[in-house]
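Read through the structure below, which is laid out as structure tokens, and then see the notes.
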Amino acid sequence: MYNTTISLIGATFLIALTHAIMPNHWMPFALIGKGQKWSLTKTVFITTIAGLGHSIATTILGFIIAILGFHITKYAETFAEPLAGGILIVLGIIYVVVGRLRHGTHNHNHAKFSDKTIAISLFVMLSSSPCVAALPIFLAASAFSWGKLLLLSIILSVTTISGMLVLTILAYNGVKKINLCSIEEYEKEIIGGILIVIGIISFMVH
1 MYNTTISLIG ATFLIALTHA IMPNHWMPFA LIGKGQKWSL TKTVFITTIA
51 GLGHSIATTI LGFIIAILGF HITKYAETFA EPLAGGILIV LGIIYVVVGR
101 LRHGTHNHNH AKFSDKTIAI SLFVMLSSSP CVAALPIFLA ASAFSWGKLL
151 LLSIILSVTT ISGMLVLTIL AYNGVKKINL CSIEEYEKEI IGGILIVIGI
201 ISFMVH
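Here the sequence shown is numbered in this note's numbering, starting from 1 and rising by one per residue.
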């Protein structure tokens, strides 16, 4: 039983880490943080909240899986992942459209989207996309004890959020160091295009 527990812990860590490095878990935060002129602290805070929502959603679904059985995972994968990709695509389209409208009206005030609206969208995007790959681990752990389920939930959450934060910070600092003066006029369109591509990739991968 000890070896099995270690195996479950290792599998949970690796799955969470692999899931956290997916671009849609950190790149949107770095890009939007730059586009909204957020400080690194604010970007990290919003990333953390979204990561918590993502982890809580995964944990809740994992406990449901442990109770109801493995067959429900296919429904989660069918609906949750496409929804997250769709939200990214919608966000990207909004950025592109508003950027185009801004040019059409020759408005150079660089008006920003509502921080609250963007933060909520990012939170919903991640919360609606639980880590489906981790769900079988919850099912396996339920054969032992609810304590092990709780332990795996903590490992999953800490690993996922830590991975997201490290990559978001690295990406944010990388974006901030790039001289975007020559393309600043098209900043929102570029960010929107990247978000759309990430959303499309999410559909293709899942």
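Ideal placement from N, C-alpha and C gives every residue a C-beta, glycine not left out.
Ranked by Cα distance from His-19, the options Ile-194, Ile-161, Ile-120, Leu-170 are led by Ile-161. With 16 or more neighbouring CB atoms inside 10 Å of its own CB, Asn-24 falls in the buried class. Inter-residue distance for Ile-169 and Ile-64 is about 33 Å (C-alpha atoms, whole angstroms). Taking C-beta atoms under 8 Å as the contact rule, Leu-126 and Gly-51 qualify, at a distance of about 7 Å. Under the 10 Å beta carbon count, Phe-138 is surrounded by 16 or more other beta carbons and is classified as buried. Burial is judged here by how many other beta carbons sit within 10 angstroms of a residue's own beta carbon; Lys-34 has at least 16 and is buried.
Going by DSSP, His-54 is part of the alpha helix (DSSP H) stretching over 40–68. Distance from the CA of Leu-14 to the CA of Leu-156, rounded to the nearest whole angstrom, comes to 9 Å.
For the 8 Å CB-CB criterion, Leu-31 and Ile-194 form a contact. Exclusion of the five residues before and after Ile-46 leaves Ala-119 as the residues of its chain whose Cβ lies within less than 6 Å of its Cβ. Per DSSP, Ile-21 lies in no alpha helix (DSSP H) segment and is marked neither H nor E. In the DSSP assignment, Ser-127 falls within the unbroken alpha helix (DSSP H) covering 115–127.
Sequence-distant Cβ neighbours of Leu-149 in its own chain, meaning closer than 8 Å and more than five residues away, are Gly-62, Phe-63, Ala-66, Phe-138, Ala-141, Ser-142.
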